[in-house]
Amino acid sequence: MWDPVVNKPDGMTTHKFKTALKRNISYIHAPSLGPPKGNVIFGTGYGDSYLFHYETIKRFQEMGYTVWAFDWSGQGLSERYNTPDPDIVEDNSIPNHIMDLKDFTNKVVRQDNSDPVIYASHSMGGHIGMHVLKQSPKLFDSAVFITPLLDLDTHLAPRKTIKTLTQWGIRLGLKNKQIPSLENTFRKLTGQAANDNAGQYTSSRNNMRSLTLEYLRNQTPEAAVKLPTYGWLSNIFMSAEQMHKQNWFQTIQTPVLFITAGRDGIVDNTPTFKAAKEMPNATHRHYHIAEHAIFSASDDLYNSMWQTVDSYLSALNANSHFEKKRGEKKDFCPKCPNL
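Residue 1411 in my numbering sits at position 206 of the sequence shown, with consecutive numbering throughout.
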């Protein structure tokens, strides 16, 4: 097995946090290595777990950040609440996740801690984080959104059609049932593997990082959840549509780095391009050859992504003193749509 992915980060400890809904969330704390620069809270994607992001945690530690990461309620190693099938994610989970992220930041990370707090995320974690930036503009000092799921990719059919089919499924009593064709679609378009684990991706035979992550996911069935249901998709559509409102992004002042993938088959990048253009303190880096699962990419792409993150945070954290200032308003994506 490949050590950077398998071995626990130095000093990492696991804990439990009870949410406002009295639900137990599993989280980790990992101290910074070297001169401290602040805190990073890492939010994973749908069906994912901090167990599969040890390398991510180590990267932030090496940059000088204390790292906090938790599994979303009802997913990963956090307590499951959906009955009769605990492996089905609740249809109304997004509003709960937004509330949980605020509570965790205020009651765990910021309690007796005046150091800067950065929110870093992947996929669904970016969707949740964007709503938190809108609702609580002073909660985070900066944010890093890596292939954020601000909206779903529905290019197989018009978005309106997919949404209508989802609503009909709910009316037929299928709210907590997986959409039958969704698994095959995910596998075909994104390389996502079966086994009802939305976080598991088909590995490249010459990519040790991808191979190791695939092995770890197969060995950790307790962290897996089933693929999205009619109810969950309807919920994510409604949540995403709030961001479609005119000028929604323009009032978000928090410095944010967006990293998008040109071959992303899960995420619709359009709202992310729009956010990067309209938010006054946004920086955008687009990788045309990257896929959604950029955290399991080969070394060249993976290291390039982390160089971007490190350079961005260093610019905001010059001379080991965090300066809340405008992000570098630079477009790294000349081929992206001019929205």
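Glycine included, C-beta positions come from ideal geometry on N, C-alpha and C.
Just so we're clear, the structure is a prediction, and the values are computed from it rather than from any experiment.
query = How many angstroms separate the CA atom of Gln1316 from the CA atom of Phe1478?
reply = Their Cα atoms are separated by approximately 34 Å.
key: Alpha-carbon spacing of Thr1407 relative to Lys1482, whole angstroms   = Residue placement at Thr1407 cannot be trusted, given a pLDDT of 45 that sits under 50; the coordinates are not used to answer.
query = Any idea if Asn1486 is buried or exposed, counting beta-carbon neighbours within 10 angstroms, 16 or more meaning buried?
reply = It counts as buried.
Residues near Gly1330 by beta carbon distance below 7 Å, same chain, minus five either side = Counting only Cβ-Cβ distances below 7 Å, and skipping sequence neighbours, we find Gly1248, Thr1249, Gly1250.
request  = Would you kindly work out how many angstroms separate the C-alpha atoms of Ser1509 and Ala1498, rounded to a whole number?
outcome  = Cα to Cα, the separation comes out at about 15 Å.
key: Contact under 7 Å by Cβ, Thr1352 with Ala1466   = It is a contact, given that the beta carbons lie within the stated cut-off.
ask   = Does the distance from the C-beta atom of Lys1242 to that of Gly1269 stay below 7 Å?
value = It is a contact, given that the beta carbons lie within the stated cut-off.
message = Restricting to Cα atoms, I'd like to know which of Phe1265, Phe1257, Asn1452 is closest to Val1349.
response = Checked all of Phe1265, Phe1257, Asn1452; the closest Cα to Val1349 is Phe1265.
Any non-hydrogen atom of the ligand GDP within 6 Å of Thr1224 CB = In the structure shown, the ligand GDP is absent, as is every other ligand, since no ligand is present at all.
request  = Would you grab the beta carbon distance between Arg1414 and Tyr1507 for me? Rounded to a whole angstrom, and I think it's under 8 Å.
outcome  = With 8 Å as the limit, Arg1414 and Tyr1507 qualify as a contact, their Cβ atoms being about 7 Å apart.
query = If you draw a straight line from the alpha carbon of Pro1321 to that of Gln1280, how long is it in whole angstroms?
reply = Taking the straight line from one Cα to the other gives about 28 Å.
message = Looking at Val1294: is its Cβ nearer than 7 Å to the Cβ of Trp1437?
response = In this structure, Val1294 lies near Trp1437, with their beta-carbon atoms less than 7 Å apart.
ask   = Excluding five sequence neighbours on each side, which residues of the same chain lie with their C-beta closer than 8 Å to the C-beta of Asn1229?
value = Once the five neighbours on either side are set aside, the close Cβ partners of Asn1229 are Lys1221, Phe1222, Lys1223, Ser1283, Glu1284.
message = I need the DSSP call for Gly1243, collapsed to helix, strand or coil.
response = Gly1243 sits in a strand when the DSSP states are folded into three classes.
Sub-7 Å separation of Thr1366 and Ser1439 beta-carbons = No. Outside cutoff.
key: Residue span of the alpha helix (DSSP H) that contains Val1337, given as start and end   = Following the DSSP letters along the chain, one finds Val1337 inside the alpha helix (DSSP H) bounded by residues 1329–1340.
message = Which residue marks the beginning of the alpha helix (DSSP H) containing His1234, and which one marks its end?
response = Segment 1229–1235 is the beta strand (DSSP E) holding His1234; no alpha helix (DSSP H) there.
Close Cβ partners of Ser1525 (< 6 Å) along its chain, the five nearest in sequence each way excluded = Residue placement at Ser1525 is flagged as unreliable, the pLDDT there being 41, under the threshold of 50; the coordinate-derived value follows with that caveat. Cβ contact annotation for Ser1525 (same chain, cutoff 6 Å, sequence separation greater than five): Pro1240, in chain order.
query = From Phe1309 to Arg1490, what distance separates their C-alpha atoms?
reply = Take the alpha-carbon of Phe1309 and the one of Arg1490: they are about 29 Å apart.
Alpha-carbon spacing of Leu1432 relative to Leu1226, whole angstroms = Each residue's alpha carbon lies about 24 Å from the other.
key: Pro1291 burial status per 10 Å Cβ neighbour count (16 or more: buried)   = Counting of Cβ neighbours within 10 angstroms places Pro1291 among the exposed residues, the total staying below 16.
ask   = Would Ser1341 pass as a contact of Asp1305 if the rule is Cβ separation under 7 Å?
value = No, they are not a contact pair.
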